[in-house]
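Comments concern the structure below.
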Amino acid sequence: MAERLAQRVAIVTGGAGGIGGATGRVFCEEGASVLLVDPDQDALTDVVAGIRRDVPDAKVEGAALDVSGEDACVDAVARARALFGNVDILVNNAGIRSYEPLAEAKAETWDRVLAVNLLSYAYMAKAAMPDLRQAGNGAIVNISSTYGVTGRAGMGQYDATKAGIIAMTRTLAFEEAEHGVRANSLCPGYTLTPFHIRRAAAAGTSEADLRAAPVHDCIMKRWCDPREIAIPILWLASDEASYITATNLMVDGGRPVM
Numbered sequence: 057m058a059e060r061l062a063q064r065v066a067i068v069t070g071g072a073g074g075i076g077g078a079t080g081r082v083f084c085e086e087g088a089s090v091l092l093v094d095p096d097q098d099a100l101t102d103v104v105a106g107i108r109r110d111v112p113d114a115k116v117e118g119a120a121l122d123v124s125g126e127d128a129c130v131d132a133v134a135r136a137r138a139l140f141g142n143v144d145i146l147v148n149n150a151g152i153r154s155y156e157p158l159a160e161a162k163a164e165t166w167d168r169v170l171a172v173n174l175l176s177y178a179y180m181a182k183a184a185m186p187d188l189r190q191a192g193n194g195a196i197v198n199i200s201s202t203y204g205v206t207g208r209a210g211m212g213q214y215d216a217t218k219a220g221i222i223a224m225t226r227t228l229a230f231e232e233a234e235h236g237v238r239a240n241s242l243c244p245g246y247t248l249t250p251f252h253i254r255r256a257a258a259a260g261t262s263e264a265d266l267r268a269a270p271v272h273d274c275i276m277k278r279w280c281d282p283r284e285i286a287i288p289i290l291w292l293a294s295d296e297a298s299y300i301t302a303t304n305l306m307v308d309g310g311r312p313v314m
């Protein structure tokens, strides 16, 4: 264990998902105390139990909260502080999807997607900022998507929020540099999370077949494992990336050049 995050306290939203859970695991392996936040209590319990089982002396807890509301974000930071001390690292990873052409997109869907995918990032950053400033080397990593850069047909609400994350992250970097807080975003490519496995199963495709199928629009021609996203998140959150801020890191197997 390198313990690149020893004595650091981190919050990871979307903590019961594939990328969030992998990030919590990697952070614990590197010595951080981690609060995983997710509205899915059962999935969160499973992820926390798995980390505790596999990572000796892991300092990890879960908080079943819906961070689309500002009060829940304030609560998340308060819980992390009460459990572990002041927050040093924030990973915003909460996200939901909507499959509607923009010409048919409903107002209530817009409201929900914006609240979870974009406003929660702003609320969490606001709630954690006093702690991050006090740390002197606070770090924010906001999870966007390659589609926040490229766009596509059929998921405009989701993609718009992911583009907004990149812009908001740069603003945070400008505003918080004087306080020693870095802010970066990261765009995962095709990541084989439990969400995609469940979606494929519903369409009659097994996990084995999904893993074996080539991904044609990236150079690597394969799915990314969630841990392959968690490692770059770890790096951006650590002091190894101390001179990196306002950056959008593409972790996509070379997709945009195809």
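Take any residue in the sequence shown, count from 1 to its spot, add 56: that is its number in the numbering used here. Idealized CB from N, CA, C, for every residue including glycine.
Beta-carbon gap between T247 and W291 smaller than 8 Å: Their beta carbons are not under 8 Å apart, which means T247 does not touch W291 by this criterion.
Inter-residue spacing [alpha-carbon to alpha-carbon] between G209 and L61: The question names Gly, but residue 209 in the sequence shown is Ala. If I take the Cα positions, the gap works out to 40 Å.
Beta carbon of T79 nearer than 8 Å to that of S176: In this structure, T79 keeps its C-beta atom at 8 Å or more from the C-beta atom of S176.
Inter-stretch contact at 8 Å, needing at least 3 Cβ pairs: the stretch 248-258 / the stretch 226-233: Taking 8 Å as the limit for Cβ pairs, the verdict is that the stretch 226-233 does not touch the stretch 248-258.
Neighbourhood of G212 by C-beta, 6 Å cutoff - its chain only, sequence neighbours within 5 removed: The answer, listed in chain order, is L158.
Through-space distance from V123 to A181, alpha-carbon basis: If you take the alpha carbons of A181 and V123, they lie about 11 Å apart.
Proximity of L242 and L188 at Cβ, strictly below 8 Å: Not closer than 8 Å, so no.
Length of the line joining the Cα atoms of G77 and L170: Between G77 and L170, the C-alpha separation is close to 23 Å.
Top-ranked residue by Cα proximity to V271, from R311, T206, A105 and A128: With distances taken between Cα atoms, V271 lies closest to R311.
Nearest-angstrom beta carbon gap, A88 and A58 [assumed within contact, 8 Å]: Actually they are not in contact, since the Cβ atoms of A58 and A88 sit about 12 Å apart, beyond 8 Å.
Rounded straight-line distance, which links the Cα of M224 to that of N142: Here the alpha carbon of N142 sits roughly 23 Å from the alpha carbon of M224.
As assigned by DSSP and simplified to three states, the class of N142: Here DSSP, grouped into helix, strand and coil, assigns N142 to coil.
Beta-carbon proximity list for A257, same chain, < 8 Å, skipping 5 on both sides: Short of 8 Å from the beta carbon of A257, and not among the five residues preceding or following it, lie these beta carbons of its own chain, in chain order: E263.
Proximal residues to Y161 (C-beta, below 6 Å), its chain only, five neighbours per side dropped: According to the sequence as given, residue 161 is Ala; it is not Tyr. Spatial neighbours of A161 in its own chain (CB-CB distance under 6 Å, excluding positions within 5 residues in sequence) are listed in chain order as Q213.
Sufficient close CB pairs (3 or more, under 8 Å) joining the stretch 81-95 to the stretch 106-119: By the criterion of at least three beta-carbon pairs nearer than 8 Å, the stretch 81-95 is in contact with the stretch 106-119.
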